[in-house]
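Chemist: Below is the structure I would like to discuss, written out as C-alpha cells.
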Amino acid sequence: MMRPKDFNDLAEKLKAISHPARLCIVCGLMDHPCNVTDMHHCLEMPQSTLSQHLSKLRAAGIIKGERKGAEIRYSLSDEKVRQLMTLFVT
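Positions in the sequence shown are counted from 1; adding 523 to them yields our numbering.
Okay, structure coming up:
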C-alpha cells in the first residue's frame, strides 16, 4: 500500500513530465541516451530552454546524466516512468 509520501513523490514526477517539451524529452530517451545537441535538433528549442527542462527532469529523479568527455548523455533513470510512458505512447 502506498504511503502519503509515495503519493507526493508520484505527483512530483507526473508534474515534471506534464509539460509537452518534457514529455517529448522523456519519450525520446526511452529508445536510447541522447546529449543536449541531439535533443536540440529534434525539439527545435534554444539549448538554454532545453537545459532548464532537463534540470527539472533530473530534480524529479526521472532522468540521469552521464558525463563522457565534454558531453553529458542523458537517459531515463526511473523504470516506473518508462512503464508509464509505454502505456501512454504505444
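C-beta: ideal position from N, C-alpha, C; glycine also. The model shown is predicted, which means the values in this text are computed figures rather than measured ones.
Within a Cβ cutoff of 8 Å, which residues of the same chain sit near Gly592, ignoring the five residues on either side of it in sequence?
Modeler: Result list for Gly592: empty, nothing under 8 Å.
Chemist: Considering just the uninterrupted stretch of the alpha helix (DSSP H) at Lys526, what are its terminal residues?
Modeler: Note that residue 526 corresponds to Arg in the displayed sequence, not to Lys. That residue, Arg526, is in no alpha helix (DSSP H); it is neither H nor E in DSSP.
Chemist: Give the secondary structure of Ser541 by DSSP, where H, G and I count as helix, E and B as strand, and everything else as coil.
Modeler: DSSP places Ser541 in coil when its eight states are reduced to three.
Chemist: Should the stretch 564-572 be called in touch with the stretch 533-540, which here means at least 3 C-beta pairs below 8 Å?
Modeler: Judged by Cβ distances under 8 Å, the stretch 564-572 makes no contact with the stretch 533-540, as fewer than three pairs qualify.
Chemist: Based on the DSSP secondary-structure assignment, which residues constitute the bridge partners of Glu567?
Modeler: According to DSSP, which records beta bridges pairwise, Glu567 is partnered with nothing at all.
Chemist: Can you tell me which of the three DSSP states Ser598 falls into?
Modeler: Three-state DSSP puts Ser598 in a strand.
Chemist: Please report the residue range of the beta strand (DSSP E) in which Ile586 lies.
Modeler: 586-591 is the span of the beta strand (DSSP E), which, as asked, contains Ile586.
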